[in-house]
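K.L.:
Numbering (my numbering), first residue to last: 27 to 250.
Below you'll find the structure I mean.
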Ligand code: ADE
């Protein structure tokens, strides 16, 4: 899979993408992440990429031209399955969307800033819009990093234990069951007996019950 990220803060991504699973996925060529500095596409001396809002109002708006030029250049080289704009005023990301995006070949992520981007970019160039939750971040970079992480870990071969991603919270619209490791008693706090029983059938049953119980208590909306 190839992910192209368009941003005014290219250095932002060095941290999140150079550790652990995301780092290994790139080394193994399971994903190729390319960062594009939007300012390089600005045609004015100041390298500005934003302007005042027509009709007045606080907050700058990102111009069409640099975004269009950057996206056009990428599209001239390969076909993209989705061109995604990260913005709080859109549908919230969930595991189902992560699953389907992880099957795509080439995607572009556009990070917004200031008040947002010119609506014509959204109307003409963007194929999908994603919010990572009902709160506002200072920019789309963190959202793009979250989205990339949630997709990349689902690409086959990225997580070595194949079943691990399948038993995540949300994969069946259920939260994960409680998990434990050694020691089986710590300060008198005990691991549930059933997990030490060696009876796999009983363990599976207990896990299913706990998943359901947790979901009912914490996220009843998932069961609807
Ligand atoms: N940009 C700013 N806030 C955001 C959010 N919640 N989701 C996606 N992009 C954003």
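Where is the CB? At the ideal position from N, CA and C, for every residue including glycine.
Source: prediction; values computed, not measured.
Tell me the residue span of the beta strand (DSSP E) that contains residue 132.
P.N.:
Mapped onto the chain shown, residue 132 falls at position 106. Residues 132-137.
K.L.:
In the structure shown, what three-state DSSP assignment does residue 63 receive?
P.N.:
Position 37 of the chain shown, counting from 1, holds the residue named residue 63. Assignment of residue 63 by DSSP, reduced to helix, strand and coil, places it in the strand class.
K.L.:
As an exercise, report each continuous beta strand (DSSP E) stretch of at least 3 residues that is fully enclosed by the segment 115-189, in chain order.
P.N.:
132-137 and 154-156
K.L.:
Between which two residues does the alpha helix (DSSP H) carrying residue 240 extend?
P.N.:
Residue mapping note: residue 240 aligns to position 214 of the chain shown, counting from 1. From DSSP, the alpha helix (DSSP H) with residue 240 extends over 226-244.
K.L.:
Given this structure, state the Cα-to-Cα distance separating residue 132 from residue 28, to the nearest angstrom.
P.N.:
By one-based count along the chain shown, residue 132 stands at place 106. By one-based count along the chain shown, residue 28 stands at place 2. Straight-line Cα distance between these residues: approximately 5 Å.
K.L.:
So if DSSP puts residue 210 in a beta bridge, which residue, or which two residues, is it bridged to?
P.N.:
Taking the chain shown and counting its residues from 1, one reaches residue 210 at position 184. Residue 210 is not bridged to any residue.
K.L.:
Indicate whether residue 127 and residue 93 have their beta-carbon atoms separated by less than 8 Å.
P.N.:
Taking the chain shown and counting its residues from 1, one reaches residue 127 at position 101. Taking the chain shown and counting its residues from 1, one reaches residue 93 at position 67. No, they are not a contact pair.
K.L.:
Tell me where the alpha helix (DSSP H) around residue 50 begins and ends.
P.N.:
For the purposes of this step, residue 50 is taken as the residue at position 24 of the chain shown. Looking at the DSSP string, the run of the alpha helix (DSSP H) that includes residue 50 is 46-53.
K.L.:
From what residue to what residue does the alpha helix (DSSP H) around residue 100 run?
P.N.:
As a position in the chain shown, residue 100 is number 74, starting the count at 1. Boundaries of the alpha helix (DSSP H) around residue 100: 90-103.
K.L.:
Where DSSP assigns a beta bridge to residue 217, which residues make up the other side?
P.N.:
Working through the chain shown from its first residue, we reach residue 217 at position 191. DSSP output for residue 217 lists no bridge partner at all.
K.L.:
Are the beta-carbon atoms of residue 241 and residue 192 separated by less than 8 Å?
P.N.:
Within the chain shown, residue 241 is the residue found at index 215, counting from 1. Within the chain shown, residue 192 is the residue found at index 166, counting from 1. Not closer than 8 Å, so no.
K.L.:
With residue 113 as the anchor, note down where its beta strand (DSSP E) starts and where it stops.
P.N.:
Reading the chain shown from its first residue, position 87 is the one you call residue 113. That residue, residue 113, is in no beta strand (DSSP E); it is neither H nor E in DSSP.
K.L.:
Which residue from 52, 58 and 64 puts its Cα closest to that of residue 74?
P.N.:
As a working mapping, residue 74 is identified with position 48 in the chain shown. Each of 52, 58 and 64 was checked against the Cα of residue 74, and the nearest Cα belongs to 64.
K.L.:
For residue 166, count the other beta carbons within 10 Å of its own beta carbon; 16 or more makes it buried, fewer makes it exposed. Which is it?
P.N.:
Here the question's residue 166 lines up with position 140 in the chain shown. Buried: at least 16 other Cβ atoms inside 10 Å.
K.L.:
Between residue 76 and residue 86, which are expected to be in contact by the criterion C-beta below 8 Å, what is the C-beta distance as a whole number of angstroms?
P.N.:
Along the chain shown, one-based indexing puts residue 76 at 50. Along the chain shown, one-based indexing puts residue 86 at 60. Correct: roughly 4 Å between the Cβ atoms.
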